[in-house]
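Peer 1:
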Amino acid sequence: MSHALPPTIDSIAANHWQMAAPAESPWLHEEVASRMQQRLDWIVKPPETWCHWEPVRGGMQAHQLLRERYPQAECTIHEPVARREAVAQDKLGSRWWQLSRWKGAAVHMAEPADGSMDMLWANMLLHTAADPQTLIERWHKALKVDGYVMFSCLGPDTVQQLHRLYAELGWGPAGHTFTDMHDWGDMLVHSGFAEPVMDMERITLTFATPQRLLQELRELGRNFHPGRFAGLRGRGWKAGLLQKIEERWADKQPDGQLSLTFEIVYGHAYKPQPKLRLEANSAVSLEDMKAMLKQPRNTGLR
């Protein structure tokens with residue numbers, strides 16, 4: 018299997034959004050993160066080290082929930098964009114006067130070292146990645162053996178009301194196609210993870226006006242479809258869009274509120290003990306060798 022990409026995505030546009038996205042957590046991201054952290058009730062052993070991958074967009078309030086859940090665990094924050102890293106350092110980093118710094122639960126700002134994390138948390142990120150397979154592989158490298166990843170992202174049934182409107186008006190795609198949860202499971206396995214658990218739910222938001230609906234969408238992302246309109250839309254086009262939403266929206270509540278549905282995909286998988294395939298000439302990485310040597314002799318490979 019080669020590196021899998023989302024069904025439709027313009028990598029240049031996706032990478033531009035990675036750099037340009039606002040340094041704040043949208044309401045929907047915080048809500049999804051709150052629901053995802055409830056799934057940690059299933060985890061018996063709490064992590065001693067964990068990484069919050071891009072928390073500024075993924076959920077600043079959720080970060081505090083995780084810190085409260087695991088107060089003694091060391092946290093590494095990875096924010097690859099400088100201006101969001103500065104926000105994370107200012108709002109989430111440990112200060113010398115904070116009690117948590119002196120209780121062994123400091124926050125570090127860095128990309129996690131290979132094989133260093135018990136848990137990696139990434140909320141509402143994968144659907145914006147130009148090359149999610151490579152990103153998942155980076156997560157796998159960061160985890161210890163028996164460490165696990167927790168992530169969420171948007172699924173294919175997201176904002177279908179907007180897609181239907183664009184199709185009726187002949188405006189081309191309203192956004193790129195999101196990856197199905199079963200394909201995420203396949204990509205996890207391809208990256209070396211084991212026993213992926215995938216599930217999904219739908220969250221429906223309602224908006225009083227077309228203006229508020231578009232504002233929410235702009236906070237969440239952009240259209241990365243390679244076949245999207247190539248030029249810049251004018252004020253007249255935006256005014257027409259708002260009018261069409263008001264007149265032809267496919268999902269209106271009895272009180273006139275505009276409904277917009279998001280499919281949320283949740284994923285969880287762990288990093289198993291590496292398996293060595295013996296051949297005439299076998300190469301084993303140093304990290305894999307260390308992990309195999311630490312394995313109890315009376316247990317066999319998982």
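Following my numbering, the numbering of the sequence shown begins with 18 at its first residue and continues without gaps. The beta-carbon is built from N, C-alpha and C at its ideal position, and this holds for glycine as well.
1. Which full runs of the alpha helix (DSSP H) of 4+ residues lie inside the region 27 to 105, going along the chain?
2. Using a Cβ-Cβ cut-off of 8 Å (strictly less than) and excluding sequence neighbours within five positions of proline 190, which residues of its own chain qualify?
3. Per DSSP, which residues does alanine 286 bridge with? Please list them.
4. Considering only residues of the same chain and omitting the five flanking positions on each side of alanine 90, which have a CB-CB separation below 6 Å?
5. Do three or more CB pairs link the region 123 to 133 to the region 84 to 99 at distances below 8 Å?
6. Taking DSSP's pairing of strands, which residues face histidine 125 in a bridge?
7. Run through DSSP, which three-state label would leucine 142 get?
8. At the level of alpha carbons, what is the spacing between leucine 82 and histidine 69?
9. Please name the residue in Lys158, Arg100 and His144 whose C-alpha comes closest to that of serine 133.
10. Could you tell me if lysine 288 is buried or exposed, where buried requires 16 or more neighbouring beta carbons within 10 angstroms of its beta carbon?
11. Please state whether the Cβ-Cβ distance between methionine 204 and valine 282 is less than 9 Å.
12. In the DSSP output, what is leucine 171 paired with across the bridge?
13. How many Å lie between glutamate 154 and glutamate 102 at the Cα?
14. Which value, in whole angstroms, describes the spacing of the CA atoms of tryptophan 266 and asparagine 140?
15. Just how far apart, CA to CA, sit leucine 259 and glutamine 228?
16. Taking Cβ positions, are serine 51 and methionine 77 nearer each other than 9 Å?
17. Buried or exposed, going by whether 16 or more other CB atoms sit within 10 Å of the CB of glycine 187?
18. Report the option in Phe168, Met198 and Lys161 whose CA atom is closest to the CA atom of aspartate 174.
19. Quick check on glutamine 270: buried or exposed, where buried means 16 or more other Cβ atoms within 10 Å of its Cβ?
20. Taking the straight line between their C-alpha atoms, what separation do you get for leucine 237 and alanine 38?
21. Counting only the same chain and skipping the five closest in sequence on each side, list residues whose C-beta sits under 8 Å from that of glutamine 177.
22. From glutamate 218 to phenylalanine 195, what distance separates their C-alpha atoms?
23. Thinking C-alpha only, which one of Leu231, Arg235 and Val49 is nearest lysine 261?
24. Would you tell me roughly how many angstroms separate the C-alpha atoms of glutamate 96 and valine 73, rounded to the nearest one?
Peer 2: Short version:
1. 28 to 37, 44 to 55, 72 to 75 and 77 to 86
2. As a working note, residue 190 is residue 173 in the sequence shown. Within the same chain, proline 190 has close Cβ partners Thr25, His180, Tyr183, Asn240, His242, Gly244 and Arg245.
3. Stepping through the sequence shown from its first residue, residue 286 is reached at position 269. Note: alanine 286 sits in a beta bridge opposite Val166.
4. Sequence index remark: in the sequence shown, residue 90 carries index 73 (1-based). If we look at alanine 90 and ignore the five residues flanking it on each side, its Cβ neighbours are Pro64, Glu65 and Trp67.
5. yes
6. Counting from 1 along the sequence shown, the entry for residue 125 is found at position 108. Answer is Thr93, bridged to histidine 125.
7. What you label residue 142 is simply residue 125 of the sequence shown in a count that begins at 1. The answer is coil: DSSP assigns leucine 142 none of H, G, I, E or B.
8. The residue labelled residue 82 in the question sits at position 65 within the sequence shown. The residue labelled residue 69 in the question sits at position 52 within the sequence shown. Cα to Cα, leucine 82 sits roughly 12 Å from histidine 69.
9. Stepping through the sequence shown from its first residue, residue 133 is reached at position 116. Residue Lys158 is the option with its Cα nearest to serine 133.
10. Here residue 288 corresponds to residue number 271 of the sequence shown, with the count starting at 1. So lysine 288 ends up on the buried side.
11. Along the sequence shown, one-based indexing puts residue 204 at 187. Along the sequence shown, one-based indexing puts residue 282 at 265. Going by C-beta atoms, methionine 204 is not nearer than 9 Å to valine 282.
12. As a position in the sequence shown, residue 171 is number 154, starting the count at 1. Ile281, per the DSSP bridge assignment.
13. The sequence position of residue 154 within the sequence shown is 137, counting from 1. The sequence position of residue 102 within the sequence shown is 85, counting from 1. When rounded, the distance between both Cα atoms is 22 Å.
14. Looking up residue 266 in the sequence shown gives position 249. Looking up residue 140 in the sequence shown gives position 123. Their backbone Cα atoms lie some 29 Å apart in a straight line.
15. Along the sequence shown, one-based indexing puts residue 259 at 242. Along the sequence shown, one-based indexing puts residue 228 at 211. Annotation: leucine 259 to glutamine 228 spans about 7 Å, alpha carbon to alpha carbon.
16. Position 34 of the sequence shown holds residue 51. Position 60 of the sequence shown holds residue 77. Taking 9 Å as the Cβ cut-off, serine 51 and methionine 77 do not qualify as a contacting pair.
17. Translated into positions along the sequence shown, residue 187 becomes position 170. It is exposed - the Cβ of glycine 187 has fewer than 16 other Cβ atoms within 10 Å.
18. Walking along the sequence shown from the start, residue 174 turns up at place 157. For the residues Phe168, Met198 and Lys161, the minimum Cα distance to aspartate 174 belongs to Met198.
19. Looking up residue 270 in the sequence shown gives position 253. That one is exposed.
20. Within the sequence shown, residue 237 is the residue found at index 220, counting from 1. Within the sequence shown, residue 38 is the residue found at index 21, counting from 1. Straight-line Cα distance between these residues: approximately 9 Å.
21. Taking the first residue of the sequence shown as position 1, residue 177 is located at position 160. Result list for glutamine 177: Thr278, in chain order.
22. If you number the sequence shown from 1, residue 218 lands on position 201. If you number the sequence shown from 1, residue 195 lands on position 178. Distance between the alpha carbons of glutamate 218 and phenylalanine 195 is about 15 Å.
23. Numbered from its first residue, the sequence shown carries residue 261 at position 244. Here the closest residue by C-alpha is Leu231.
24. By one-based count along the sequence shown, residue 96 stands at place 79. By one-based count along the sequence shown, residue 73 stands at place 56. Going from the Cα of glutamate 96 to the Cα of valine 73 covers about 8 Å.
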